[in-house]
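These notes concern the structure reproduced below.
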Amino acid sequence: MRFKSGIQERSIVVKCGADSFLPFAVTFGVYIILFGTVSPGGGFQGGVMVASAALLLYLAYGFKNATKALNPEVLRVNEACGATLYVILGMLGIFLGANFCRNVFFNDGQVGDLISAGTITFMGYSVGYKVLTGVGFLLLLMLGLLAPDDDEDEEEEVAVE
Numbered sequence: 015m016r017f018k019s020g021i022q023e024r025s026i027v028v029k030c031g032a033d034s035f036l037p038f039a040v041t042f043g044v045y046i047i048l049f050g051t052v053s054p055g056g057g058f059q060g061g062v063m064v065a066s067a068a069l070l071l072y073l074a075y076g077f078k079n080a081t082k083a084l085n086p087e088v089l090r091v092n093e094a095c096g097a098t099l100y101v102i103l104g105m106l107g108i109f110l111g112a113n114f115c116r117n118v119f120f121n122d123g124q125v126g127d128l129i130s131a132g133t134i135t136f137m138g139y140s141v142g143y144k145v146l147t148g149v150g151f152l153l154l155l156m157l158g159l160l161a162p163d164d165d166e167d168e169e170e171e172v173a174v175e
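So the sequence shown is residues 15 to 175, counted in the numbering used here.
Take a look at the structure:
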C-alpha cells in the first residue's frame, strides 16, 4: 500500500463500484419515497437510501470532492425546508377543522391510486426530502471529522509494509 500525505490512494475498483451503484441507489431510494404510501417502505427508508449517495461519493472520491458535489450548506437549508413543509402539511388538518396530521384531501379515493392516501402521500414526500437532506448533511459532517487537514502541502510518499 502506498500513502500520500497520510491518505490511502483510492482504488479504481472502489471508484468504478461507486460510479456503477450510485444511480441505482438514488433511483431506488426515490422510488421508495414516491411509492411508500402504497407499498412497504416510505419517506424515511427512501431518504436514507438516497443519502447513502454521500457516503458512496466519499468512499470513492474523498471528502473534498464529495462536498463539491453535495454542498453541506445547501443540504442544511433544504433539510429545514423539508421540516417546514411537513409541519405545514400537518397543520392543514387544524386549519380545516380536524386534527394535526389529519388526512383532509382526496379522502373519497376518486382521484386515482397514486394520491389515494391524500395528504399522507405529500407528508411522506416531505419526510423523504427532509431525511435525505438531513442524513446527507450529517454524513458529510461526520465524514469531515475523518478528513485530514489540508494544511499539509507536502506530497511525500511513504511506503507502508
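Ideal Cβ placement from N, Cα and C applies to all residues, glycine included.
Alpha-carbon spacing of residue i relative to residue j, whole angstroms
| i | j | result |
| --- | --- | --- |
| Gly138 | Gly57 | 5 angstroms |
| Val64 | Val44 | 7 angstroms |
| Phe42 | Ile108 | 34 angstroms |
| Leu71 | Thr135 | 30 angstroms |
| Leu103 | Phe114 | 9 angstroms |
| Leu99 | Val118 | 16 angstroms |
| Phe49 | Lys78 | 34 angstroms |
Reduced DSSP category for residue i - H, G, I as helix; E, B as strand; rest coil
| i | result |
| --- | --- |
| Asn85 | coil |
| Ser34 | helix |
| Cys190 | Because the chain spans 15 through 175 in this model, residue 190 falls outside it and cannot be assessed. |
| Phe42 | helix |
| Asp127 | Because Asp127 sits at a pLDDT of 48, beneath the cut-off of 50, its placement in the model cannot be relied upon, and the following sentence gives the value as read from the coordinates. Looking at Asp127 - three-state DSSP - the assignment turns out to be coil, as it is neither helix nor strand. |
| Ala192 | Because the chain is modelled from 15 through 175, residue 192 falls outside the range shown and cannot be assessed. |
| Ala112 | coil |
| Arg90 | helix |
| Ser25 | coil |
| Val118 | coil |
Buried or exposed (CB count within 10 angstroms, at least 16 for buried), residue i
| i | result |
| --- | --- |
| Gly111 | exposed |
| Leu159 | exposed |
| Ser25 | exposed |
| Val149 | buried |
| Ser140 | buried |
| Ser66 | buried |
| Thr147 | buried |
| Ile47 | buried |
| Glu168 | Note that Glu168 has pLDDT 40, beneath the 50 cutoff, so the model's placement of it is unreliable and the number below is only indicative. Glu168 should be labelled exposed. |
Closest by C-alpha distance to residue i, when choosing among the options
| i | options | result |
| --- | --- | --- |
| Thr51 | Glu87, Leu73 and Thr133 | Thr133 |
| Phe151 | Lys29, Val40, Thr81 and Ser34 | Thr81 |
| Met156 | Leu69, Ser34, Gln59 and Asn117 | Leu69 |
| Ala94 | Tyr143, Leu154 and Phe38 | Tyr143 |
| Gly60 | Leu154, Leu153, Ala161 and Val145 | Val145 |
| Ala32 | Tyr75, Val62 and Val91 | Tyr75 |
| Val62 | Pro162, Ala161 and Leu153 | Leu153 |
Residue interval of the alpha helix (DSSP H) (run including residue i)
| i | result |
| --- | --- |
| Val141 | Thr133 to Leu160 |
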